[in-house]
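*Asks:* To start, I am sharing the structure in question, which I have written as structure tokens.
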Amino acid sequence: MRSVTALFLLFLSCSAFAQTIGTCDQGEATADLDVGNVRAGLFNGGNLFYSSTTGAFSAYEVPKDSGMSAAFAAQLWLGGMVQGELRTASATFVNQEFWPGPLDPSGNPPTDCSAYDRIFKVNKTHVEHYLQTGEATDDLREWPHDLGAPVLDGDGNPNNYNLEGGDQPAIWGDQTAWWVMNDLGNEHTRSQGDPLGIEVQVTAFAVDTPLQAYEDATYYIYRLLNKSTLPMDSMFATFWWDTDIGDVGEYAGSDTTLMMAYAYNTENDPVYGDRPPALGVKLLQGPIVDANGLDDDGDGDVDEVGERMGMTSAGMAFNASTEPGMGDPFLSHHYYNVMRGLWRDGTPITEGGRGYQTGGPETKFVFPGDPVAGAYWSELNTDGSGSGNGAGNKRGLLSTGPFVIEPGGEQEIAFAIVFGRGSNNLDSITWMRIAANAIQEVYDEGGFDPELVESQVEQEPEGAESIFLSRVAPNPITDEATIRYSLPAAMNVRLEMFDVLGREVAVLVDGEHARGEYEVQLDGNALRPGVYLVRLEAGNASRTIRFTKR
8 MRSVTALFLL
18 FLSCSAFAQT
28 IGTCDQGEAT
38 ADLDVGNVRA
48 GLFNGGNLFY
58 SSTTGAFSAY
68 EVPKDSGMSA
78 AFAAQLWLGG
88 MVQGELRTAS
98 ATFVNQEFWP
108 GPLDPSGNPP
118 TDCSAYDRIF
128 KVNKTHVEHY
138 LQTGEATDDL
148 REWPHDLGAP
158 VLDGDGNPNN
168 YNLEGGDQPA
178 IWGDQTAWWV
188 MNDLGNEHTR
198 SQGDPLGIEV
208 QVTAFAVDTP
218 LQAYEDATYY
228 IYRLLNKSTL
238 PMDSMFATFW
248 WDTDIGDVGE
258 YAGSDTTLMM
268 AYAYNTENDP
278 VYGDRPPALG
288 VKLLQGPIVD
298 ANGLDDDGDG
308 DVDEVGERMG
318 MTSAGMAFNA
328 STEPGMGDPF
338 LSHHYYNVMR
348 GLWRDGTPIT
358 EGGRGYQTGG
368 PETKFVFPGD
378 PVAGAYWSEL
388 NTDGSGSGNG
398 AGNKRGLLST
408 GPFVIEPGGE
418 QEIAFAIVFG
428 RGSNNLDSIT
438 WMRIAANAIQ
448 EVYDEGGFDP
458 ELVESQVEQE
468 PEGAESIFLS
478 RVAPNPITDE
488 ATIRYSLPAA
498 MNVRLEMFDV
508 LGREVAVLVD
518 GEHARGEYEV
528 QLDGNALRPG
538 VYLVRLEAGN
548 ASRTIRFTKR
């Protein structure tokens with residue numbers, strides 16, 4: 008039985024917190040990202056890949072349909088202060104602390120969250136099929152614009168969703184899943200803390216492309232909305248995961264230059280064999296922090312308008328640790344400590360050994376040394392002389408913060424899960440880094456922005472259907488590669504190459520050509536590593552392809 012004092016304090020807390028905590032059941036909606044080379048399970052509770060609610064284990068299967076999984080579970084964690092009180096929405100494997108549905112204008116959850124227990128998923132091919140036949144999938148026809156799902160306006164009215172009038176979902180990549188959830192649907196039984204009172208709109212997407220870096224990745228955009236009358240400050244957003252690359256047992260690392268936390272395997276894995284992959288979670292876009300006196304984005308300018316924060320910590324937890332402070336968090340203040348780059352018990356991370364009370368310099372990033380180069384401090388070199396930790400079941404996380412969400416305000420944060428597989432476990436880290444860099448370049452240039460993605464309703468110029476431009480082969484390229492194109496008639500041809508910023512790199516062909524097929528050789532040795540575009544202009548038609556130089 009609670010004491011009178013405890014009940015009085017609870018009353019004061021509830022009085023300060025005007026939003027209502029609901030009585031919802033946890034969501035059961037599921038979907039898969041599966042258009043690229045990954046099959047990734049999605050669930051409507053803040054969790055990915057694994058759901059204790061439904062008993063589903065969709066895993067993170069790469070390559071798709073191979074039966075090999077590179078991650079077991081992942082979660083979004085949020086934490087911050089509301090009127091000086093700590094509030095979190097965070098969990099690990101069970102008792103997720105998000106529920107289906109939006110918050111109402113007063114910031115309260117739905118009376119019945121199950122009415123919103125749905126993940127909408129649309130492919131570009133669904134739109135194309137609809138335009139050709141008039142047949143629409145349920146998710147395409149019922150796309151929840153009224154809940155906040157993004158729309159490409161085709162009917163001239165930005166405030167509706169009219170499929171027949173020309174509107175369509177804003178599809179990121181080639182397949183987009185969207186859902187909405189909140190942390191007020193019920194009590195937070197995992198962390199035993201108070202809710203933030205936040206709405207989260209999630210856009211997850213995948214890319215179907217011959218470019219391996221992109222099709223081996225998945226992407227997650229979290230739109231955080233504060234519909235209450237109170238500011239949320241000292242906020243942190245964290246992507247937590249339990250990797251399990253193939254069999255259980257891996258190492259952890261962080262890369263501050265790429266804003267990425269990652270995991271890699273031993274030399275030989277029972278599932279992936281002697282070429283085990285590396286898997287990273289990369290911060291693509293952090294929160295906006297205009298006035299904190301810091302150069303958050305590292306461009307040399309302080310507090311410029313719209314400046315975004317980067318990765319501020321990369322931590323981990325040991326599954327079976329002899330030091331209790333290093334284990335999985337299970338209380339609200341544990342989660343907040345870890346989000347801020349501390350151990351569960353509030354102890355700072357220190358360089359050396361496993362990073363717990365080593366006497367070394369304090370840091371916010373576990374194992375930032377390069378294991379490929381054998382640099383200190385990594386899990387393969389914990390003391391500077393080459394001694395290392397053993398592989399094990401370790402959980403990693405990446406955080407960004409602190410930031411603020413004002414009443415009626417929002418923040419948008421984006422992550423990518425990046426996969427690399429090389430000739431051995433350490434070479435896989437190198438390929439993962441190359442992929443992470445390429446993905447960031449495309450994200451920064453707007454390559455995944457729905458407003459810039461080519462619309463399926465756009466009409467091709469006359470004659471375009473007869474112009475053919477092949478993919479670059481091989482792709483990615485190292486030394487040499489070939490591009491082929493064909494012309495239906497004699498016409499003026501210009502074949503140009505650009506970098507991802509749109510700067511012209513080379514003019515490969517320029518002049519009048521007869522009808523027929525042509526072949527052009529690319530010299531990869533003359534190119535710096537990165538993403539490039541080749542554009543063919545022939546007559547009044549054009550074609551553009553991408554390729555990667557490694």
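To get the working numbering, take the position in the sequence shown, counting from 1, and add 7. C-beta atoms are modelled at their ideal positions from N, C-alpha and C, and glycine is treated no differently. Predicted, not measured: the structure shown is a model, and the values here were computed from it.
1. Taking the runs of the beta strand (DSSP E) that are 3 residues or longer, which of them lie wholly in the segment 122 to 186?
2. Look up SER97 in the DSSP assignment and say whether it is helix, strand or coil.
3. Report the CB separation of LEU237 from GLN90 in whole angstroms; it is logged as a contact under 8 Å.
4. Distance check for GLN199 and ARG553, CA to CA, integer angstroms please.
5. Considering only residues of the same chain and omitting the five flanking positions on each side of TYR226, which have a CB-CB separation below 6 Å?
6. CB ASN299 to CB ASP306, shorter than 9 Å?
7. Look at the alpha carbon of GLY366 and the alpha carbon of GLY332, and state the distance between them as a whole number of angstroms.
8. Please confirm whether ALA4 and LEU286 have their CB atoms less than 9 Å apart.
9. Are ALA224 and VAL209 close, meaning C-beta to C-beta below 9 Å?
10. Go through its chain and collect everything with a Cβ distance to CYS137's Cβ below 7 Å, but skip five positions before and after it.
11. Determine the direct distance from the alpha carbon of GLY313 to that of ARG542, and round the result to whole angstroms.
12. At which residues does the beta strand (DSSP E) containing ILE436 begin and terminate?
13. Taking TYR539 as the reference, which of GLU503, GLU206 and LEU231 has the closest Cα?
14. Suppose you measure from the CA of VAL158 to the CA of PHE337; what does that come to, to the nearest Å?
15. How many Å lie between ALA25 and GLY87 at the Cα?
16. Do LEU170 and ILE205 have their CB atoms nearer than 9 Å?
17. Using a Cβ-Cβ cutoff of less than 6 Å, which residues in the same chain neighbour ASP304 once the five nearest sequence positions on both sides are dropped?
18. Pick out the complete beta strand (DSSP E) segments inside the segment 244 to 320, 3 residues or longer, and give them in chain order.
19. Thinking C-alpha only, which one of TRP248, TRP186 and LEU515 is nearest ARG402?
20. Across which residues does DSSP place PHE82 in a beta bridge pair?
21. Identify the residues that DSSP records as bridge partners of SER549: which are they?
22. Whether or not the segment 249 to 260 and the segment 67 to 84 are in contact is what I'm after, with contact meaning three or more pairs of Cβ atoms, one per stretch, closer than 8 Å; do they touch?
23. Measuring CA to CA, which of ALA421, LEU191 and PHE475 is closest to TYR450?
24. Where does ALA156 land, buried or exposed, given buried means 16+ other C-beta within 10 angstroms?
25. Are the CB atoms of TRP179 and PHE455 nearer to each other than 9 Å?
26. Can you grab the Cα-Cα spacing for the pair GLU358 / ASN400, in whole Å?
27. How big is the Cα-Cα spacing for TRP185 and LYS128?
28. What does the alpha-carbon distance come out to for the pair GLN528 and ASP162?
29. For VAL373 versus GLY192, is the C-beta spacing smaller than 9 Å?
30. Could you tell me the boundaries of the alpha helix (DSSP H) in which ASN344 lies?
31. What's the C-alpha gap between GLU487 and SER477?
32. Anyone know if the C-beta pair for THR354 and TYR363 falls short of 9 Å?
33. Checking the sheet assignment: what are the DSSP bridge partners for PHE554?
*Replies:* By the coordinates alone:
1. Listed in chain order, the complete beta strand (DSSP E) runs (minimum 3 residues) inside the segment 122 to 186 are 127 to 130.
2. Taking the sequence shown and counting its residues from 1, one reaches residue 97 at position 90. For SER97, the secondary structure class from DSSP, reduced to helix, strand or coil, is coil.
3. By 1-based counting over the sequence shown, the position of residue 237 is 230. By 1-based counting over the sequence shown, the position of residue 90 is 83. Yes, LEU237 and GLN90 are in contact; Cβ-Cβ is about 6 Å, under 8 Å.
4. Here the question's residue 553 lines up with position 546 in the sequence shown. Here the question's residue 199 lines up with position 192 in the sequence shown. Cα-Cα distance, rounded: 49 Å.
5. Along the sequence shown, one-based indexing puts residue 226 at 219. Counting only Cβ-Cβ distances below 6 Å, and skipping sequence neighbours, we find PHE212 and ALA423.
6. The residue you call residue 299 lines up with position 292 of the sequence shown. The residue you call residue 306 lines up with position 299 of the sequence shown. No. Outside cutoff.
7. As a first step, residue 366 must be located in the sequence shown, where it is residue number 359. As a first step, residue 332 must be located in the sequence shown, where it is residue number 325. Rounded to whole angstroms, GLY366 and GLY332 show a C-alpha spacing of 16 Å.
8. Residue 4 lies beyond the range of the chain shown here (8 to 557); nothing can be said about it.
9. Here residue 224 is taken as the residue at index 217 of the sequence shown, counted from 1. Here residue 209 is taken as the residue at index 202 of the sequence shown, counted from 1. One thing to note: ALA224 has its Cβ no nearer than 9 Å to the Cβ of VAL209.
10. Taking the first residue of the sequence shown as position 1, residue 137 is located at position 130. The question names Cys, but residue 137 in the sequence shown is Tyr. Same-chain partners within the cutoff: ALA143 and LEU147.
11. Taking the first residue of the sequence shown as 1, we reach residue 542 at position 535. Taking the first residue of the sequence shown as 1, we reach residue 313 at position 306. Distance between the alpha carbons of ARG542 and GLY313 is about 33 Å.
12. In the sequence shown, the residue the question calls residue 436 occupies position 429. According to the DSSP assignment, ILE436 belongs to no beta strand (DSSP E) but to the alpha helix (DSSP H) extending over 432 to 451.
13. On the sequence shown, residue 539 is found 532 positions in, with the first residue counted as 1. Per the Cα distances, GLU503.
14. Here residue 158 is taken as the residue at index 151 of the sequence shown, counted from 1. Here residue 337 is taken as the residue at index 330 of the sequence shown, counted from 1. The C-alpha of VAL158 lies about 39 Å from the C-alpha of PHE337.
15. Your numbering for residue 25 matches position 18 in the sequence shown. Your numbering for residue 87 matches position 80 in the sequence shown. Going by the C-alpha atoms only, they are around 17 Å apart.
16. Within the sequence shown, numbered from 1, the residue matching residue 170 stands at position 163. Within the sequence shown, numbered from 1, the residue matching residue 205 stands at position 198. No, the pair does not count as a contact, with Cβ atoms beyond the cut-off.
17. Within the sequence shown, the letter at position 297 stands for residue 304. Cβ neighbours of ASP304 beyond the five flanking positions: GLU314 and ARG315.
18. Within the segment 244 to 320, the runs of beta strand (DSSP E) that reach at least 3 residues and sit entirely inside it are, in chain order, 257 to 262, 267 to 272 and 285 to 292.
19. Position 395 of the sequence shown, counted from the first residue, corresponds to residue 402. In terms of Cα proximity to ARG402, the closest of TRP248, TRP186 and LEU515 is TRP248.
20. As a first step, residue 82 is located in the sequence shown; it is residue number 75 there, counting from the start. Just to set this straight, residue 82 is Gln in the shown sequence, not Phe. DSSP, once it has assigned bridges, lists ASN54 and TRP247 as partnering GLN82.
21. Taking the sequence shown and counting its residues from 1, one reaches residue 549 at position 542. DSSP lists GLU544 as partners of SER549.
22. Result yes; three or more Cβ-Cβ pairs closer than 8 Å.
23. For the purposes of this step, residue 450 is identified with residue 443 of the sequence shown, where counting begins at 1. Distance check between TYR450 and each of ALA421, LEU191 and PHE475 places ALA421 closest, using alpha-carbon atoms only.
24. For the purposes of this step, residue 156 is taken as the residue at position 149 of the sequence shown. Buried, since its Cβ has 16 or more Cβ neighbours within 10 Å.
25. As a first step, residue 179 is located in the sequence shown; it is residue number 172 there, counting from the start. As a first step, residue 455 is located in the sequence shown; it is residue number 448 there, counting from the start. Yes, they are a contact pair.
26. Numbered from its first residue, the sequence shown carries residue 358 at position 351. Numbered from its first residue, the sequence shown carries residue 400 at position 393. If you draw a straight line from the Cα of GLU358 to the Cα of ASN400, it is about 20 Å long.
27. Within the sequence shown, residue 185 is the residue found at index 178, counting from 1. Within the sequence shown, residue 128 is the residue found at index 121, counting from 1. Near 6 Å, if we compare the C-alpha coordinates of LYS128 and TRP185.
28. Within the sequence shown, the letter at position 521 stands for residue 528. Within the sequence shown, the letter at position 155 stands for residue 162. So the two alpha carbons sit approximately 44 Å from each other.
29. As a working note, residue 373 is residue 366 in the sequence shown. As a working note, residue 192 is residue 185 in the sequence shown. No; because the gap between Cβ atoms is not below 9 Å, this pair is not in contact.
30. On the sequence shown, position 337 is the one that residue 344 refers to. Per DSSP, ASN344 belongs to the alpha helix (DSSP H) from 339 to 346.
31. The residue you call residue 487 lines up with position 480 of the sequence shown. The residue you call residue 477 lines up with position 470 of the sequence shown. When rounded, the distance between both Cα atoms is 15 Å.
32. By 1-based counting over the sequence shown, the position of residue 354 is 347. By 1-based counting over the sequence shown, the position of residue 363 is 356. Their beta carbons are under 9 Å apart, which means THR354 touches TYR363 by this criterion.
33. The residue given as residue 554 occupies position 547 in the sequence shown. PHE554 pairs with TYR539.
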